[in-house]
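Chains as they are written, first to last, in our numbering: chain A, 1 to 293; chain B, 1 to 293.
Cβ coordinates follow ideal geometry from the N, Cα and C atoms, glycine included.
Since this is a predicted model, take the numbers as computed values, not measurements.
First comes the structure, then the notes that go with it.
Protein chains: 2
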Amino acid sequence: MDYIRDCGLLVEEHLKLIFRNDSEINEVLKQSMEYSVQAGGKRLRPVLLLSACEAVGGEFGSALSAACAVEMIHTYSLIHDDLPAMDNDDYRRGKLTNHKVYGEAMAILAGDGLLTHAFYMLSRCADDVSPEIVCKLIAEMSYYAGPYGMVGGQAFDMQGDQSPNATLEQLEQIHRHKTGDLIVFALRAGGRIGGADELQLEALKKYGYDIGLAFQIQDDILDITGDESKLGKKTLSDEKLQKLTYPHLLGLEASKEKVKALTESGKKALLEARIPKPERLLDIADYLVYREF
Amino acid sequence: MDYIRDCGLLVEEHLKLIFRNDSEINEVLKQSMEYSVQAGGKRLRPVLLLSACEAVGGEFGSALSAACAVEMIHTYSLIHDDLPAMDNDDYRRGKLTNHKVYGEAMAILAGDGLLTHAFYMLSRCADDVSPEIVCKLIAEMSYYAGPYGMVGGQAFDMQGDQSPNATLEQLEQIHRHKTGDLIVFALRAGGRIGGADELQLEALKKYGYDIGLAFQIQDDILDITGDESKLGKKTLSDEKLQKLTYPHLLGLEASKEKVKALTESGKKALLEARIPKPERLLDIADYLVYREF
Chain A
1 MDYIRDCGLL VEEHLKLIFR NDSEINEVLK QSMEYSVQAG GKRLRPVLLL
51 SACEAVGGEF GSALSAACAV EMIHTYSLIH DDLPAMDNDD YRRGKLTNHK
101 VYGEAMAILA GDGLLTHAFY MLSRCADDVS PEIVCKLIAE MSYYAGPYGM
151 VGGQAFDMQG DQSPNATLEQ LEQIHRHKTG DLIVFALRAG GRIGGADELQ
201 LEALKKYGYD IGLAFQIQDD ILDITGDESK LGKKTLSDEK LQKLTYPHLL
251 GLEASKEKVK ALTESGKKAL LEARIPKPER LLDIADYLVY REF
Chain B
1 MDYIRDCGLL VEEHLKLIFR NDSEINEVLK QSMEYSVQAG GKRLRPVLLL
51 SACEAVGGEF GSALSAACAV EMIHTYSLIH DDLPAMDNDD YRRGKLTNHK
101 VYGEAMAILA GDGLLTHAFY MLSRCADDVS PEIVCKLIAE MSYYAGPYGM
151 VGGQAFDMQG DQSPNATLEQ LEQIHRHKTG DLIVFALRAG GRIGGADELQ
201 LEALKKYGYD IGLAFQIQDD ILDITGDESK LGKKTLSDEK LQKLTYPHLL
251 GLEASKEKVK ALTESGKKAL LEARIPKPER LLDIADYLVY REF
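Here you go:
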């Protein structure tokens with residue numbers, strides 16, 4: 001989809017400027033952070049943030065700092081997830097993981113640095129929106145990305161991994177927090193910056209959890225049926241790591257049906273809340289179902 | 001000093017409430033975060049924050065959320081510093097380090113969780129001060145604790161450690177960022193919450209860097225001359241790790257002199273800026289020179 005690619009490239013251009021030509025910062029730390037920030041990926045979260053801002057009638061440009069912030073949070077979480085003590089991955093998106101290039105200590109610091117600086121980037125929204133809104137953005141980012149959100153999801157994941165008889169409910173709890181929460185933050189942040197009312201923010205949240213779960217189930221499906229060259233990573237990794245997945249619990253066909261049902265439910269939420277320009281968010285939902293990587 | 005102890009205990013009472021009786025959060029993650037938050041210590045940073053707020057004429061109570069936030073940042077940094085890939089410490093303050101109790105993966109997550117939730121706590125200052133001030137607090141915490149501040153200092157430290165011919169300037173750069181920056185943030189945050197003007201904020205910064213460096217040199221001195229039972233950790237650890245220290249570069253006596261000179265210079269900055277109630281900050285500066293742990 002051209003829109004997602006173009007929007008992602010715009011975010012990448014902005015991400016490149018964050019630590020550029022800055023002699024105040026430790027050079028190796030900077031390189032290590034930039035290595036992972038610039039390692040590509042779909043830029044799904046910032047694209048959703050910018051699209052939500054536009055969908056409610058806001059200005060694209062006023063949401064760029066927040067878009068960078070959410071991608072920095074996502075990137076830090078990948079760096080820490082890949083560490084030997086966590087998932088112990090050597091490759092990510094076809095490139096060596098951060099700790100394989102810079103060592104474990106620098107990878108931990110690069111993650112800490114990106115996480116902390118994401119809040120700096122978010123505080124810079126104060127140039128475009130009121131300080132009241134910035135305070136709400138800060139509270140929501142720390143809530144959805146922290147112990148009650150994404151970090152909590154990672155903790156549930158670690159424990160769920162080890163349990164051979166985990167339930168569908170437990171799996172949904174893991175994904176709701178690990179993947180859904182940051183996507184929901186991105187959408188609500190974009191919505192808030194664009195001037196969304198409470199009803200619209202709730203619809204963006206419903207849409208976010210639905211497509212977030214659909215996205216995760218699709219990831220599980222692609223890990224079985226996908227093309228390694230398109231994915232940029234090895235397939236069947238979940239089975240190798242004995243990770244609990246949707247296809248494992250529901251079967252492949254029922255998992256594909258669930259992806260479609262969630263996508264429709266998310267789209268419906270946007271339409272019911274009368275979001276003025278929902279087209280791009282609707283397209284992104286469809287794209288996520290039909291993607292091959 | 002009774003004031004530091006009482007003030008530290010008050011902060012501890014508030015820290016205990018943060019994740020209490022909360023079923024939304026992963027139980028092991030919560031235990032792991034609380035284990036380190038409640039592991040004692042001098043609570044120097046929150047005590048400085050509260051004291052700075054009072055020193056400029058502010059209300060003690062309005063700064064408690066920020067005081068918890070800065071202690072959570074400090075605690076996360078200790079958890080990550082102690083990891084096997086970093087300093088590889090088994091004990092801290094006489095207790096097992098976080099990863100020795102909860103494992104490396106959970107320790108990484110506990111650090112990430114505390115760092116993220118610190119921003120949530122700081123955003124809660126909005127109950128007591130204006131949203132404009134909260135935005136400035138957020139920007140400063142991310143600046144002083146992030147890649148330009150404490151995380152950067154840790155990166156410089158890692159590289160400095162490995163260099164046998166590092167200079168005094170390099171060592172001061174490490175400590176300025178690794179220890180000084182978070183202390184300066186604490187003081188400026190307390191000052192801001194208490195209504196300090198720019199001149200007073202600058203004086204708090206000067207005081208902070210001076211006593212921060214004095215504190216660090218005193219740590220280096222105590223690592224050589226201190227009493228293990230009072231310190232709660234083994235002495236001569238710097239030598240064992242071949243860490244560059246002030247006593248190593250300047251000698252023990254000159255290091256002691258430098259601690260005293262920095263302390264006086266910091267106190268003078270407060271007096272020159274006509275901070276209305278500087279007494280406690282002056283006492284804390286003296287306490288730091290004469291402490292035995």
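If you draw a straight line from the alpha carbon of Leu222(B) to that of Ser255(B), how long is it in whole angstroms?
The residue you call residue 222(B) lines up with position 222 of the second sequence. The residue you call residue 255(B) lines up with position 255 of the second sequence. Between Leu222(B) and Ser255(B), the C-alpha separation is close to 11 Å.
At least one CB of chain A closer than 8 Å to the CB of Thr167(B): is that the case?
As a first step, residue 167(B) must be located in the second sequence, where it is residue number 167. Taking 8 Å as the CB threshold, Thr167(B) stays off the interface with chain A.
Can you pull out the residues from the region 93-110 of chain A whose beta carbon lies closer than 9 Å to at least one beta carbon of chain B?
His99, Gly103, Glu104, Ala105, Met106, Ala107, Ile108, Leu109, Ala110
Helix, strand or coil at Arg93(A) according to DSSP, with G and I counted as helix
By one-based count along the first sequence, residue 93(A) stands at place 93. Correct three-state label for Arg93(A): coil.
Assigned secondary structure, Ala273(B) (DSSP; H/G/I helix, E/B strand, else coil)
Looking up residue 273(B) in the second sequence gives position 273. Note: Ala273(B) maps to coil in three-state DSSP.
Give me, in chain order, the residues of the same chain whose beta-carbon lies closer than 6 Å to that of Asp128(A); leave out the 5 immediate sequence neighbours on both sides.
The residue given as residue 128(A) occupies position 128 in the first sequence. Cβ neighbours of Asp128(A) beyond the five flanking positions: Ser62.
Gly160(A) classed as buried or exposed, judged by whether at least 16 other C-beta atoms fall within 10 angstroms:
On the first sequence, position 160 is the one that residue 160(A) refers to. Counting the other Cβ atoms within 10 Å of the Cβ of Gly160(A) gives 16 or more, which makes it buried.
Among Glu12(A), Lys42(A), Leu50(A), the one whose alpha carbon lies nearest that of Glu34(A)
In the first sequence, counting from the first residue as 1, residue 34(A) sits at position 34. Closest option to Glu34(A), Cα to Cα, is Glu12(A).
Inter-residue spacing [alpha-carbon to alpha-carbon] between Gly208(B) and Lys267(B)
The residue you call residue 208(B) lines up with position 208 of the second sequence. The residue you call residue 267(B) lines up with position 267 of the second sequence. In a straight line, the C-alpha of Gly208(B) is about 10 Å away from that of Lys267(B).
Beta carbon of Ala85(B) nearer than 8 Å to that of Met158(A):
Counting from 1 along the second sequence, the entry for residue 85(B) is found at position 85. Counting from 1 along the first sequence, the entry for residue 158(A) is found at position 158. Cβ distance not < 8 Å, so Ala85(B) and Met158(A) don't count as in contact.
Beta-carbon separation (whole angstroms), Met141(B) vs Ala69(B), contact threshold 8 Å
In the second sequence, residue 141(B) corresponds to position 141, counting from 1. In the second sequence, residue 69(B) corresponds to position 69, counting from 1. Correct: roughly 7 Å between the Cβ atoms.
Any C-beta of chain A sitting closer than 8 Å to the C-beta of Val28(B)?
Counting from one through the second sequence, the residue named residue 28(B) turns up at place 28. Closer than 8 Å to some Cβ of chain A, the Cβ of Val28(B) qualifies, so yes.
Among the residues of its own chain, which have a CB less than 6 Å from the CB of Asp238(B), if the five just before and after it don't count?
Counting from one through the second sequence, the residue named residue 238(B) turns up at place 238. Contacts found: Asp223, Thr245.
Tell me the DSSP secondary structure of Ile25(A) in three-state form.
Looking up residue 25(A) in the first sequence gives position 25. It is coil, neither helix nor strand.
Would Ala203(A) pass as a contact of Glu272(A) if the rule is Cβ separation under 8 Å?
The residue given as residue 203(A) occupies position 203 in the first sequence. The residue given as residue 272(A) occupies position 272 in the first sequence. Contact: yes.
Work out the CA separation of Leu249(A) and Ile138(B) for me, nearest whole Å.
Stepping through the second sequence from its first residue, residue 138(B) is reached at position 138. Stepping through the first sequence from its first residue, residue 249(A) is reached at position 249. Each residue's alpha carbon lies about 43 Å from the other.
Would you grab the beta carbon distance between Val134(B) and Ala126(B) for me? Rounded to a whole angstrom, and I think it's under 8 Å.
Residue mapping note: residue 134(B) aligns to position 134 of the second sequence, counting from 1. Residue mapping note: residue 126(B) aligns to position 126 of the second sequence, counting from 1. Going by Cβ atoms, the distance from Val134(B) to Ala126(B) rounds to 5 Å, so yes, they are a contact pair.
Would you say Ser189(B) faces chain A, with C-beta separation under 8 Å as the test?
Here residue 189(B) refers to the residue found at position 189 when the second sequence is read from its first residue. At residue 189(B) the sequence reads Ala, which differs from the Ser that was named. Not an interface residue.
Boundaries of the alpha helix (DSSP H) in which Lys16(A) is found, first to last residue
Residue numbering aside, residue 16(A) sits at position 16 when the first sequence is read from its first letter. 2-17 is the extent of the alpha helix (DSSP H) around Lys16(A).
Is there a Cβ of chain A sitting closer than 8 Å to that of Leu115(B), yes or no?
In the second sequence, the residue the question calls residue 115(B) occupies position 115. By this cut-off, Leu115(B) is an interface position.
Thinking C-alpha only, which one of Tyr102(B), Asp90(B), Asp227(B), His74(B) is nearest His117(B)?
Within the second sequence, residue 117(B) is the residue found at index 117, counting from 1. For the set Tyr102(B), Asp90(B), Asp227(B), His74(B), the Cα lying nearest the Cα of His117(B) is the one of His74(B).
Using a Cβ-Cβ cut-off of 8 Å (strictly less than) and excluding sequence neighbours within five positions of Met121(B), which residues of its own chain qualify?
Counting from one through the second sequence, the residue named residue 121(B) turns up at place 121. Excluding positions up to five away in sequence, the list reads Ile18, Ser65, Ala66, Cys68, Ala69, Met72.
At which residue ranges does the region 43-69 of chain B contain complete alpha helix (DSSP H) runs of 4 or more residues, listed in the order of the chain?
44-55
Specify, as a first and last residue, the run of the alpha helix (DSSP H) that Lys205(B) falls within.
Looking up residue 205(B) in the second sequence gives position 205. Unbroken alpha helix (DSSP H) run through Lys205(B): 198-225.
Chain-ordered residues of the region 63-90 of chain A with a beta carbon less than 7 Å from chain B:
Of all residues in the region 63-90 of chain A, only His80, Leu83, Ala85, Met86 come within less than 7 Å of chain B when Cβ atoms are compared, listed by chain position.
Below 8 Å between beta carbons: does that hold for Gly190(B) and Leu288(B)?
Position 190 of the second sequence, counting from 1, holds the residue named residue 190(B). Position 288 of the second sequence, counting from 1, holds the residue named residue 288(B). In this structure, Leu288(B) does not lie closer than 8 Å to Gly190(B) by Cβ.
Going along the chain, which residues of its own chain have a beta-carbon closer than 6 Å to the beta-carbon of Glu59(B), five neighbours each way excluded?
As a first step, residue 59(B) is located in the second sequence; it is residue number 59 there, counting from the start. For Glu59(B), where only same-chain residues beyond five positions count, there are no Cβ hits under 6 Å.
Do Leu309(A) and Val37(A) have their C-beta atoms closer together than 8 Å?
Only positions 1 to 293 of chain A appear in the structure, and residue 309(A) is not among them; the question remains open.
Closest to Arg124(B) by C-alpha separation, out of Leu262(A), Tyr143(A), Ala166(A), would be which residue?
The residue labelled residue 124(B) in the question sits at position 124 within the second sequence. The candidate whose alpha carbon is nearest that of Arg124(B) is Tyr143(A).
Could you check where the alpha helix (DSSP H) with His177(B) kicks off and where it finishes?
By 1-based counting over the second sequence, the position of residue 177(B) is 177. Neither: His177(B) is in no alpha helix (DSSP H) and is coded neither H nor E.
Is it the case that the CB of Ser51(A) approaches a heavy atom of the ligand SAH more closely than 7 Å?
In the structure on display, the ligand SAH does not appear, and there are no ligands present to speak of.
What does Pro131(A) reach in chain B if we use C-beta pairs closer than 8 Å?
For the purposes of this step, residue 131(A) is taken as residue 131 along the first sequence, with counting starting at 1. Ser130, Pro131, Glu132, Val134, Cys135, listed in chain order.
Looking at C-alpha atoms only, which residue of Tyr76(A), Arg291(A), Lys206(A) is the closest neighbour of Ala269(A)?
Here residue 269(A) is taken as the residue at index 269 of the first sequence, counted from 1. Nearest of Tyr76(A), Arg291(A), Lys206(A) to Ala269(A), Cα basis: Lys206(A).
Using CA atoms only, rank isn't needed, just tell me which of Thr263(B), Met150(B), Pro247(B), Asp197(B) is closest to Ile174(B).
Locating residue 174(B) in the second sequence gives position 174, where the first residue counts as 1. Ranking the options by Cα distance to Ile174(B), first place goes to Met150(B).
Mind pulling the chain A residues with CB within less than 7 Å of Gly152(B)?
If you number the second sequence from 1, residue 152(B) lands on position 152. Ile25, Asn26, Leu29, listed in chain order.
With respect to the alpha helix (DSSP H) encompassing Met121(B), which residues constitute its N-terminal and C-terminal limits?
Translated into positions along the second sequence, residue 121(B) becomes position 121. Counting along the chain, the alpha helix (DSSP H) containing Met121(B) begins and ends at 104-123.
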